[in-house]
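Below you'll find the structure, written out as structure tokens, and then a few comments.
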Amino acid sequence: MTDALPKWADILLIPLINLILALVVSGLVVALIGKDPFEALSILVTGAVGSAYGWGYTLFYATNFIFTGLGVAVAFHARLFNIGGEGQAALGGLGCALVLLYLPLPHWSLAIIAASLGAALFGAAWAAIPAYLQAKRGSHIVITTIMFNFIASALMVYLLSRVLIVPGAGGSPETARFVESVHLPNAYDVLPWMGFSRSTPLNVSFLLAIAACVFVWVLIWRTRLGYEIRAFGQSEPAALYGGISSVRIIMIAMLISGALIGLMAINSVMGEAERLVIDPVQGAGFVGIAVALMGRSHPVGVFLAALLFGALYQGGGELTFEMNGMTREIILVIQALVILFTGALDNMVRAPVERAFLSARKRPRAPLPTNPVEPGGHSDEKKVEP
Amino acid sequence: MTQRPSQGEAPLAIELRGISKAFGPVQANKDISIQVKRGTIHGIIGENGAGKSTLMSILYGFYKADAGEIYIGGRPTPIPDSQAAIDAGIGMVFQHFKLVQPFTVLENVILGAEDGKLLKPSLAKARKLLTDLAREYELDVDPDAVVEDLNVGLQQRVEILKALYREADILILDEPTGVLTPAEADHLFRILKGLRDQGKTIILITHKLREIMEITDTVSVMRRGEMTATVKTAETSPEQLAELMVGRKVLLRVDKTPAQPKETVLEVRGLRVIDDQGVERLRGIDLDIRAGEVLGIAGVSGNGQSELLEVLGGYRKAEGTIRMNGQEIALTGSASDARMRRMQGIAHVPEDRQREGLIMEFRAWENVGFGYHREERFGSGLFMDNTALRTDCEGKMARFDVRPPDPNLAAKSFSGGNQQKIVLAREIERDPDLLLIGQPTRGVDIGAIEFIHKQVVALRDKGKAILLVSVELDEIMALSDRIAVMFDGRIMGERLPSETDANELGLLMAGMTGKPVAAE
Amino acid sequence: MDYAGLIQILDSALRLSTPLLFACLAGLFSERAGVFDIGLEGKILASAFLSAAMAAYTGNVWLGMFAGILASLMLATIHGMASITFRGNQLISGVAINFLASGLTVVIGEAWFGLGGRTPQLEGAARFGELTLPFADAIRGIPFIGPIYADLLSGHSILVYVALLCVPLTWWILSRTRFGLRLRAVGENPAAVDTAGVSVVGLRFAAVMICGLLCGLAGAYLATALSAGFVKEMSAGRGFIALAALIFAKWRPWHALGATFLFGLLEALGNRFQSLELLGITIPTQFMQALPYILTVVILAGFVGRAIPPRAGGEPYVKER
């Protein structure tokens, strides 16, 4: 019974405990390989938020994770587990790059709209096939989306090394640089007084990510479509009874999911790299899973979790430089543990917390009334908690 | 009615002393003491949620009691798990069978009671024992049949065989006749009497007074987690038991005037359904329902009633024709059909409200718009109007006496009766021409049953057509103006309640044709 | 292609299908008991790393193998705790385990060896050697049959033969023993097992542990027999491909042998023909590399026959009244 917990405990306390558990276990791993976990933590925190430089990267990564986290969250609402974020984001990068390479766009404001369409469309398209197979043939979307990650990676290698590669430019598998006119204003351009360096990766896509949060909130909690997505996610038989088409919901939810994830390319490909490189995603698709789980699939939660993971990624990068023999993959460990504790071992954390709340509340309450049954009385097992 | 010779001196098979069990704030069993004599059939009766099943689950080691002791054969016997219950000689036949569907009967019987690590010797031994048991107790069933191919009556026999194979002395049956035809139930009772006469002790949990009166020697009544009385069956009456169950006098009849049927609202012709496995579930159904009447569909569950409701509700594909107010309606079973049905004036209170009728995690106010969430009154354009939903919900809760009247509570937090009232309010207040209502009072307390029955009758009196599907024959008899009996995907016959009785309907429910269709 | 070439490809297919076969049988035990395991991949990876690390450290491949199995068992324990004890989401648990393995193998590998996540190259007794079956050399000369025995069946590491033996063994356990009966029952209807007085938790844990053991063998084979050391992400989706093969095999041991061999063959062909000319069109290398993944999707799409999974699969068992 989730009613056993007050709302604030459900959305703040439990994720916090999960995060602390994940950090403690990762700290043990760090200690196990003979390093000082407290030193690592301090480097991590300083690296992430100790300077404008750090903040620039933290928020840049967070932007990526907001997009992928929102994408995973929308799919979660329809009870679909989209782990194809890597592939969808890569294809989003392709769509974004094609638009910027081949359409004559005079100004970045126009370019960001066109590129967003391209990125969203390609991301959605890459989610469409697994979605269709799930909706029509019942193929397990978890495995098909993973397979599409592998297929996307092969496709990207092929396109970048054979098709889109710039002849005579040293042979590295990447496209040409986008033209200067589509350069997105970064934090240095917009907020020069904040101390961001000229090369900071943080750019206006961060605002696009916030807009995406608002969009998802309205979609899920305020539209008829969102209502149908949630209803379908909660109970498929009820959706059937209620005239909600499972094929339609699976397709739409996955297309929106893929589109949101694809939009990540606006930040990473258009905003930072300004060309398409061989792996433009760098694991952000997978981080989206942890972000969505930790953010309880709510846009506000996703935003906060994305900030946290942005900081972890930036801080983790610093760890590699600052600590000998330490790699940034420690972040992957933290990420895995967050997924494990919030998604799979939730009951382990939740049950004791619920018990604590229940016993704290029990004392002031009078014993259950034993008045006779009346019409409208309820003698069923499922009692309402006063 | 069975009467046993006096057994005042018979030793006790089971004695429970002061058993209590709470789930969170809910006290499911409160200080329950009971004595069951060896070689008797002991009934435990009580309405839904009275705590019968909890008590039996404690006895079978599924739950651990908070307080109290269990004595088996006079010795205190703690039962921490099912294995301990089996060791103590207790066998349990659950309401929902615990069988492995793709396994054979033999495999199911030996599961958990194998001799040794290899299967071969166990199977050989079980085969021999099964043959003996079958002969002794009318428990014939092919040991090599795969369970999923057996009908429910035979599956139940497998459950009993499982218990006997484990040398159970005490057999507990939880609502055993819910899925059986009257004939199958009679056969079961013969088996049970045979077992009793061999010295076994039988505990029968049921909410059907008729069964208690027919077969038990002693009966205990439970109400709201407490044991209110234990009496000799021969010394009590159904009326007295009903009063003990509910705590006040109840009307077992529904007050209603004769129906005033008008024009035909729904016309069903040659309806056929073939399911995903290729099994024909409906084999040519013809039905008419007129405005201002209740057509009751009687039948043992699983004979096509659910499929009929699903087709009429628009979410199952079918062949044939259906006319609603003279207009032919689509039978493709796609989501648009289900939405169209609502626009065509068909409302549907589904059989399983927790699976279909409600989104259990949604709040009450979100649920009052479910199925109608695309209508103008609940929003405009792409958006939903949550305020309109909340206001609507408050009104419905007041008019249908939903308790507690809090629109913000999740559906799962309401009792069965109040959940049903939310669904009923949603469907009835849409002002449909035809109301489909399946198992309206399943899992609903008696107080709410009265309320729901009155609503159905009131809707009929407003000149609406009602199709009622129920496995409770009493409910069908009480509410219907006409009764159609379904068996194996067919309508076996139609009767007027005044011109038929439970015996005749029982025969039809078992697939035996009686008299020709009653004239109207 | 000549006969010797064909034998060579089949030989390579057998090697490449061995880790898939171990993993597929691992998944079979777990899923027949009703526990989905997306985390085969992570267990293989963890075992590959620790077996290579231990083999490099001790110079003894057997110690390496046991260390690999131990790593896999530890992850299996986590999966068991999450999906059985705490009734968590089995898919999410599996995903977490995959990430955990990805992260830990590199973090620990870098700390131990400083080779960017690789282990040192394994040589001699630190690798599984090739076994020559009796009379292989004598029979080789016989036309047709000779090469099949001497070049295809003979000359593999012992783990290849262990994997092949696991197929009849699995079949026998499932269909002929008490444990197998109960294991199948718990995957179909755990309530039936529970009410029969047998522990659902115990059975499912046993299945998950067998799964861990077999994944451990898959990983050890990968790093110490098929390759000579661990490289980052060397499992390369084999855990997922094994799951697809399991569905293709309809959760049956003998079919699993066929399904995994098919994937092994595909990989062997991809390795052999880096780029293929078909009807005048050059098929790029990348397509050949993606072929196993594409085939997996095709199989899941049910274009090659539908299957009914164990009915209680993926659902944690909660007692109900």
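Chain order of the listed sequences is A, B and C. Take the UniProt record's numbering: the last position of the first sequence gets the number 386, and nothing is skipped along the way. Take the UniProt record's numbering: the last position of the second sequence gets the number 520, and nothing is skipped along the way. Take the UniProt record's numbering: the last position of the third sequence gets the number 321, and nothing is skipped along the way. Backbone N, C-alpha and C define an ideal beta-carbon position, used for all residues, glycine too. Bear in mind the structure is a predicted one, so any value in this text is a computation, not a measurement.
Straight-line Cα distance separating residue j from residue i
{"i": "methionine 348 of chain A", "j": "threonine 342 of chain A", "result": "10 Å"}
{"i": "cysteine 211 of chain C", "j": "alanine 23 of chain C", "result": "8 Å"}
{"i": "glycine 69 of chain A", "j": "glutamate 394 of chain B", "result": "36 Å"}
{"i": "glycine 103 of chain C", "j": "serine 181 of chain A", "result": "40 Å"}
{"i": "isoleucine 241 of chain C", "j": "proline 253 of chain C", "result": "16 Å"}
{"i": "glutamate 494 of chain B", "j": "leucine 106 of chain B", "result": "41 Å"}
{"i": "phenylalanine 178 of chain A", "j": "asparagine 267 of chain A", "result": "14 Å"}
{"i": "valine 160 of chain C", "j": "glutamate 228 of chain A", "result": "51 Å"}
{"i": "glutamine 244 of chain A", "j": "alanine 478 of chain B", "result": "Contrary to the premise, residue 244 of chain A reads as isoleucine rather than glutamine in this sequence. Near 35 Å, if we compare the C-alpha coordinates of alanine 478 of chain B and isoleucine 244 of chain A."}
{"i": "arginine 355 of chain B", "j": "arginine 223 of chain B", "result": "27 Å"}
{"i": "leucine 21 of chain C", "j": "alanine 163 of chain C", "result": "7 Å"}
Classification of residue i by the beta-carbon crowding that lies within 10 angstroms, buried from 16 upward
{"i": "phenylalanine 321 of chain A", "result": "exposed"}
{"i": "histidine 96 of chain B", "result": "exposed"}
{"i": "methionine 492 of chain B", "result": "buried"}
{"i": "glycine 194 of chain A", "result": "The residue asked about is misnamed: residue 194 of chain A is methionine in this sequence, not glycine. So methionine 194 of chain A ends up on the exposed side."}
{"i": "isoleucine 145 of chain C", "result": "exposed"}
{"i": "proline 130 of chain A", "result": "buried"}
{"i": "glycine 141 of chain C", "result": "exposed"}
{"i": "threonine 513 of chain B", "result": "exposed"}
{"i": "valine 35 of chain C", "result": "buried"}
{"i": "methionine 343 of chain B", "result": "exposed"}
{"i": "alanine 366 of chain A", "result": "Annotation note: pLDDT 40 at alanine 366 of chain A (below 50); position unreliable, no value reported."}
{"i": "valine 318 of chain C", "result": "exposed"}
{"i": "arginine 377 of chain B", "result": "exposed"}
Chain F contact for residue i (CB, 8 Å cutoff)
{"i": "arginine 490 of chain B", "result": "Among the protein chains of the structure shown, namely A, B and C, there is no chain F."}
For residue i, the first and last residue of its enclosing alpha helix (DSSP H)
{"i": "valine 160 of chain C", "result": "158 to 176"}
{"i": "threonine 264 of chain B", "result": "Taken as a continuous stretch (DSSP letters only), threonine 264 of chain B belongs to no alpha helix (DSSP H), being part of the beta strand (DSSP E) at 264 to 274."}
{"i": "asparagine 151 of chain B", "result": "Careful: asparagine 151 of chain B lies outside any alpha helix (DSSP H) and carries neither H nor E."}
{"i": "histidine 77 of chain A", "result": "52 to 77"}
{"i": "isoleucine 331 of chain A", "result": "329 to 339"}
{"i": "phenylalanine 215 of chain A", "result": "205 to 222"}
{"i": "glutamate 15 of chain B", "result": "That residue, glutamate 15 of chain B, is in no alpha helix (DSSP H); its beta strand (DSSP E) goes 12 to 23."}
{"i": "arginine 399 of chain B", "result": "386 to 399"}
{"i": "alanine 150 of chain C", "result": "Careful: alanine 150 of chain C lies outside any alpha helix (DSSP H) and carries neither H nor E."}
Endpoints, the beta strand (DSSP E) within which residue i is located
{"i": "residue 536 of chain B", "result": "Nothing can be reported for residue 536 of chain B, as the shown portion of chain B is limited to 1 through 520."}
{"i": "asparagine 29 of chain B", "result": "26 to 37"}
{"i": "glutamate 310 of chain B", "result": "From DSSP, glutamate 310 of chain B is part of no beta strand (DSSP E) but of the alpha helix (DSSP H) over 305 to 313."}
{"i": "lysine 232 of chain B", "result": "226 to 232"}
{"i": "glutamate 280 of chain B", "result": "280 to 290"}
{"i": "alanine 223 of chain C", "result": "Careful: alanine 223 of chain C lies outside any beta strand (DSSP E) and carries neither H nor E."}
{"i": "arginine 223 of chain B", "result": "218 to 223"}
{"i": "alanine 67 of chain B", "result": "67 to 72"}
Cβ separation of residue i and residue j, assumed to be a contact under 8 Å, to the nearest whole Å
{"i": "serine 20 of chain B", "j": "alanine 84 of chain B", "result": "So it is not a contact: roughly 19 Å between Cβ atoms."}
{"i": "leucine 266 of chain B", "j": "alanine 318 of chain B", "result": "In fact, because the Cβ distance is near 14 Å, the residues do not count as touching under 8 Å."}
{"i": "methionine 324 of chain B", "j": "isoleucine 297 of chain B", "result": "Wrong, their Cβ atoms sit about 18 Å apart, outside the cutoff."}
Closer than 7 Å: residue i CB and nearest the ligand HEM heavy atom
{"i": "arginine 377 of chain B", "result": "In terms of ligand content, the structure shown is empty, and the ligand HEM therefore cannot be addressed."}
Is the number of C-beta pairs between the region 144 to 163 of chain C and the region 2 to 17 of chain C that are closer than 8 Å three or more?
yes
Touching by the beta-carbon criterion (3+ pairs, under 8 Å), the region 163 to 180 of chain C and the region 105 to 122 of chain B
yes
Taking one C-beta from the region 114 to 128 of chain C and one from the region 57 to 72 of chain C each time, how about it: are there three or more such pairs within less than 8 Å?
yes
Mind the definition here: the region 408 to 420 of chain B touches the region 355 to 364 of chain B only if three or more C-beta pairs lie below 8 Å; say whether that holds.
yes
Pairs of beta-carbons, one from the region 54 to 68 of chain A and one from the region 323 to 340 of chain A, closer than 8 Å: are there three or more?
no
Does the count of Cβ pairs from the region 125 to 144 of chain A and the region 285 to 296 of chain A closer than 8 Å reach three?
no
Quick one: any contact between the region 467 to 477 of chain B and the region 426 to 441 of chain B, if contact means 3 or more CB pairs under 8 Å?
yes
Determine, using beta-carbon pairs with one atom in the region 252 to 267 of chain A and one in the region 115 to 128 of chain A, whether at least three such pairs fall under 8 Å.
yes
How do the region 307 to 326 of chain A and the region 70 to 88 of chain C stand: do at least 3 beta-carbon pairs fall below 8 Å, yes or no?
no
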